[in-house]
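Asks: The structure that follows is given in the form of structure tokens.
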Amino acid sequence: MAAPPAIPRRGLFIGGGWREPTLGRRIPVINPATEDTIGDIPAATAEDVELAVAAARSAFLLDGGSRWARASGATRAKYLNAIATKIKEKISYLALLETVDSGKPKDEAVADMDDVAACFEFYAGLAEALDGKQHAPISLPMEEFKTYVLKEPIGVVGLITPW
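Each residue of the sequence shown is one higher than the one before, counting from 1 in the UniProt record's numbering.
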């Protein structure tokens, strides 16, 4: 049996490129089945987060408003569908990485990767549907109120995920 793959070494993706964390610290990734170190991930600091936020804000403000902020739902859907396609192309590899990282059975990891691709496809569909809903009225039970859909990018947002 071939040795399981190592986790690819990555930095933090900030400002369109990979960089090491400010303090240079990394967190080891341990295979729970063998207790072998299979890679490491960057340990970001508050300073790294500030750099990422500043880079994202700069990109958002580029040319008086980010190209992504102005992108149509169809354009956004194109990118989301491309991500789903790449996930499907690499499903076995990604599932194996998940297995050695978490100890999850490979068949379950493959099913999870299918779900990940399906999520990107689902949100691509929602993005495409937004184009037709711009300024469309939304029914409310009270006639004195009117509401409609307006795409208005607000800027940079942050998210801390549990995984």
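Glycine residues also receive a C-beta, built at the ideal position from the N, C-alpha and C atoms.
Apply the 10 Å Cβ neighbour rule to Leu80 and answer buried if 16 or more other Cβ atoms are within range, or exposed otherwise.
Replies: buried
Asks: Could you tell me whether the segment 97–117 touches the segment 133–153, using the rule of 3 or more Cβ pairs below 8 angstroms?
Replies: no
Asks: For Leu12, which residues does DSSP report across the bridge?
Replies: Its beta-bridge partners are Arg19.
Asks: For Asp101, which residues of its own chain have a beta-carbon under 8 angstroms away from its beta-carbon, when the five flanking residues on both sides are left out?
Replies: Ile7, Val29, Asn31, Ile38
Asks: On the three-state DSSP scale, how would you describe Gly158?
Replies: The three-state secondary structure of Gly158, taken from DSSP, is coil.
Asks: Apply the 10 Å Cβ neighbour rule to Ala46 and answer buried if 16 or more other Cβ atoms are within range, or exposed otherwise.
Replies: exposed
Asks: Relative to the alpha-carbon of Leu159, which residue among Gly17, Ala118, Ala52 has its alpha-carbon at the smallest distance?
Replies: Ala52
Asks: With distance defined between alpha-carbon atoms, name the residue in Gly103, Ala124, Lys104 nearest to Thr85.
Replies: Ala124
Asks: Would you call Ala77 buried or exposed, if buried means 16 or more other Cβ atoms sit within 10 Å of its Cβ?
Replies: buried
Asks: Classify Asp115: buried if its beta carbon has 16 or more other beta carbons within 10 angstroms, exposed otherwise.
Replies: exposed
Asks: Mind checking Gly132: buried by the 16 CB within 10 Å criterion, or exposed?
Replies: exposed
Asks: Considering just the uninterrupted stretch of the beta strand (DSSP E) at Ile30, what are its terminal residues?
Replies: 26–30
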